[in-house]
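Next comes the structure, spelled out in structure tokens:
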């Protein structure tokens, strides 16, 4: 399996987070598209490749190494300075529907461990996402 680019690694994390509960909702898919279109880390990513990258991730999840293999490839592809950004992108997808299922929590824990993120960084990312997604009703 060829190695991932940092862009592909970020997208893979969003896809596995969305797919963790076996239900990739329209809201989650839309958030992935929003992140790719609006976050500065994707400024030089060809957005036409998004669907192909997401499909490649789904295919990789069904291979022998499955989730663990995808996470290993992601960790290998991401420079240290992008690891908190990667976790933030994954958390964004998990939190967008304002309901985090146990499967999503578990995948986020696996991502945190694989990317070697400390608890304060993870807590700050979670708090910021929740504040950003909060509504008046």
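Numbering (our numbering), first residue to last: 28 to 164.
Cβ atoms here follow ideal geometry from the backbone N, Cα and C, with glycine treated the same way.
Since the structure is predicted, the reported quantities are computational estimates derived from the model, not experimental observations.
Rounded separation between residue i and residue j - CA only
| i | j | result |
| --- | --- | --- |
| residue 60 | residue 111 | 19 Å |
| residue 78 | residue 95 | 22 Å |
| residue 108 | residue 49 | 30 Å |
Cβ distance (whole Å) where residue i is taken to contact residue j below 8 Å
| i | j | result |
| --- | --- | --- |
| residue 45 | residue 56 | 7 Å |
| residue 125 | residue 147 | The pair is not a contact, with the Cβ atoms about 24 Å apart (cut-off 8 Å). |
| residue 163 | residue 100 | Not really, about 41 Å apart at Cβ, beyond 8 Å. |
| residue 19 | residue 135 | The question about residue 19 has no answer here: the residues shown for the chain are numbered 28 through 164. |
Local conformation of residue i per DSSP, three classes
| i | result |
| --- | --- |
| residue 118 | helix |
| residue 131 | helix |
| residue 164 | coil |
| residue 69 | helix |
Cβ neighbours of residue i in the same chain (closer than 7 Å, five flanking residues each side left out)
| i | result |
| --- | --- |
| residue 149 | 114 and 139 |
| residue 97 | 39, 43, 84, 87 and 88 |
Same chain, Cβ closer than 6 Å to residue i, neighbours up to 5 away in sequence not counted
| i | result |
| --- | --- |
| residue 155 | none |
Quick check on the DSSP output: what are the complete alpha helix (DSSP H) runs of length 4 or more inside the region 35-85, in order along the chain? 53-65
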